[in-house]
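Undergrad: My structure is below; once you've seen it, I'll send some questions.
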Amino acid sequence: MTSQEVRTQFLNFFKEKGHKIVPSAPMVMKDDPTLMFTNAGMNQFKEFFLGNSKPKHTRVADTQKCLRVSGKHNDLEEVGKDTYHHTMFEMLGNWSFGDYFKKEAIQWAWELLTEVYKIDKNSLYVSVFEGSEDDGLAMDQEAYDLWKAIVPEERIIMGNKKDNFWEMGDQGPCGPCSEIHVDIRSTEEKKKVPGASLVNQDHPQVVEIWNLVFMQFNRKANGSLESLPAKHIDTGMGFERLCMVLQGVQSNYDTDVFTPLIREIEVITGKKYGKDEKTDIAIRVIADHVRAVAFSIADGQLPSNTGAGYVIRRILRRAIRYGFTFLNTNKPFIYRLVKVLAEQMGKAFPELKEQYQLIENVIKEEESSFLSTLEQGLVLLDSVIKSSKDKTISGEKAFELYDTFGFPIDLTSLILEEKGYQLDVAGFNKALQEQKDRSRAASEVSKGDWTVLKQDSEQEFIGYDSLEAQVKLVKYRKI
Ligand code: ATP
Ligand code: MG
Ligand code: MG
Ligand code: MG
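Heads up: the sequence shown at position 315 corresponds to 315 in my numbering, and the numbers run straight through without jumps.
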């Protein structure tokens, strides 16, 4: 089954169950101060869940472009290293706004997977929320009983708050959920280790494909939960993962969503996919990142030095450096993948075709500009590493790489991590702050003048995401 057919069958199934099929919302959020990018299908329906506005249709389904590179859902570090987390991915979803609830959501999900897509029932596991003392919530008995009516009890797994209580962000609509996982290992492997023990263990062949969220609460700013005015269903299924299962392959990158991009990377770079792990990671990262960047540009978000634009620039620079270091590319080439992408995805997302020329030009320009400083920056970083005594690189040097060579701080962290070094993040922040103070002072001085300098004050440091033990990532949010 082609990916195009997988998508169509999903939408048709829910159409037949009385759902209105709606278009994907943009991936780049424009009007929500709490979220920079759409990270789940439900984002565009937030106001319906909160009861602030009334939907025209109480049953809706779609495929939503999502990006998970910042905030609560940040998968950037996994991308390329594993075979099932992407920066940009499609989330297939069906919703009930105060219409049907757990019973139908569970039954239909099962019907679609096992009767329409014909996934073997014996390879599926489902999970149920075990409850949370912190939030004063009991286990989800209702979901448990509904599942028990259709799957053997040994296939029902109790899950904690991390996996089975879905929240969009620190605030907003949320609720307990049931996830569906697929075990695509060989029969022999299944005999050796029971699949149930591998659910939610980051096993590449026992993966979560669908999350059915029973939206009942709103998390308030003070962290407490309040009941929503009505109960809703919010589901999200990873499209690329579903394609992996249905196409009988072991990695999202072996589905027809990615193979045309990977073939093109092979042709351009002369490297082969599937021979060497480092090369493979680089190829996967590039195939993944070009989608994130292209879809953002199609949504009107160009790479820039602030806010969402800087996130996009960081993703693209990350891809450029993977190419440079592991595929020996020293000329722009990522832009050449846009054509393949537009051919592959243009039917479902016409904006890619419509904006094709712009996307290509912007990516090419970004590549040229970063490649002009990348090599020198890497040479500098190498010499700093060689002279470092305690395996830690000073914040000042990291700032020089950022300021002079255009190295986003997370890129510097990533390169250091690969070499077993770490970064003085506090020192970097200090240097960044000093630069901001300097430019603020400069712009104040010139206020009376006819030239008003643009203030470089749109970036605000908002915290760390821990990488492994010590290396840390810096996130920025537009203020
Ligand atoms: P995981 O545990 O694998 O990180 P999740 O629980 O964070 O997934 P949800 O928020 O429940 O994911 O999103 C719904 C579905 O979207 C998941 O069941 C999965 O199939 C898919 N999905 C989530 N994150 C990604 C990603 N980064 N890339 C591709 N698909 C994803
Ligand atoms: Mg996740
Ligand atoms: Mg999960
Ligand atoms: Mg989940």
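We put the CB at the ideal spot given by N, CA and C, even for glycine.
Rounded to a whole number of angstroms, what is the C-alpha to C-alpha distance between K162 and G175?
TA: So the alpha carbons of these two residues sit roughly 12 Å apart.
Undergrad: Quick check on F14: does DSSP put it in helix, strand or coil?
TA: Note: F14 maps to helix in three-state DSSP.
Undergrad: Using DSSP's beta-bridge definition, name the partner residues of W166.
TA: G175, per the DSSP bridge assignment.
Undergrad: Would the beta-carbon of Q179 be found less than 6 Å away from any heavy atom of ligand 4?
TA: In the sequence on display, residue 179 carries Glu and not Gln. Yes - ligand 4 has a heavy atom lying nearer than 6 Å to the Cβ of E179.
Undergrad: Can you check which of these residues, F10, F214, K30, R7, is closest to G307 by C-alpha distance?
TA: Nearest of F10, F214, K30, R7 to G307, Cα basis: K30.
Undergrad: Could you check whether D424 and G406 sit closer than 7 Å to each other, using their CB atoms as the reference points?
TA: Cβ distance not < 7 Å, so G406 and D424 don't count as in contact.
Undergrad: Indicate, with yes or no, if ligand 3 has a heavy atom lying under 6 Å from the CB of E208.
TA: Yes, the Cβ of E208 comes within 6 Å of a heavy atom of ligand 3.
Undergrad: With respect to the beta strand (DSSP E) encompassing R313, which residues constitute its N-terminal and C-terminal limits?
TA: From DSSP, R313 is part of no beta strand (DSSP E) but of the alpha helix (DSSP H) over 307-326.
Undergrad: With H, G and I counted as helix, E and B as strand and the rest as coil, what does DSSP make of F217?
TA: Three-state DSSP puts F217 in a strand.
Undergrad: First and last residue of the beta strand (DSSP E) that includes Q64?
TA: That run of the beta strand (DSSP E) goes 59-67.
Undergrad: Measuring alpha carbon to alpha carbon, tell me which of V379, A138, D140, G93 ends up nearest I209.
TA: I209 has its Cα closest to that of G93, out of V379, A138, D140, G93.
Undergrad: Could you tell me the distance, in whole angstroms, from the CA atom of R155 to the CA atom of I393?
TA: C-alpha separation (whole angstroms): 49 Å.
Undergrad: Is it buried or exposed for V452, if we count other Cβ within 10 angstroms and need 16 for buried?
TA: Model confidence at V452 stands at a pLDDT of 33, short of 50, so the residue's coordinates are unreliable; what they give is reported in the following sentence. Label assigned to V452: exposed.
Undergrad: On a CA-only basis, which of R7, P33, D62 is nearest P23? Give me that one, please.
TA: The residue with the shortest Cα to Cα distance from P23 is D62.
Undergrad: Would the segment 330-344 and the segment 353-367 be scored as touching if the rule is three or more Cβ pairs under 8 Å?
TA: At 8 Å Cβ cutoff, the stretches touch.
Undergrad: Under the three-state reduction of DSSP, which class applies to P332: helix, strand or coil?
TA: Here P332 sits in coil by DSSP.
Undergrad: Do you know offhand how far F217's Cα is from S224's?
TA: Between F217 and S224, the C-alpha separation is close to 10 Å.
Undergrad: Since A398 contacts F428 with CB under 8 Å, what's their CB separation in whole angstroms?
TA: Between F428 and A398 the Cβ distance is about 4 Å, and since that is below 8 Å, they are a contact.
Undergrad: If you count every other CB in all the chains shown that lies within 10 Å of the CB of V384, and 16 or more means buried, which is it?
TA: The residue is buried, with at least 16 neighbouring Cβ atoms inside 10 Å.
Undergrad: From what residue to what residue does the beta strand (DSSP E) around D234 run?
TA: Residues 225-238.
Undergrad: Using 7 Å as the threshold, is the C-beta distance between T87 and A292 below it?
TA: Cβ distance < 7 Å, so T87 and A292 count as in contact.
Undergrad: Kindly indicate which three-state DSSP category L374 falls into: helix, strand or coil?
TA: Helix at L374.
Undergrad: Between which two residues does the alpha helix (DSSP H) carrying V498 extend?
TA: No statement about residue 498 is possible, as the shown extent of the chain runs from 1 to 479 and does not include it.
Undergrad: Between which two residues does the beta strand (DSSP E) carrying S413 extend?
TA: Per DSSP, S413 belongs to no beta strand (DSSP E); it is in the alpha helix (DSSP H), 409-418.
Undergrad: Going straight from the alpha carbon of E434 to that of K72, what length do you get?
TA: Whole-angstrom Cα-Cα distance: 29 Å.
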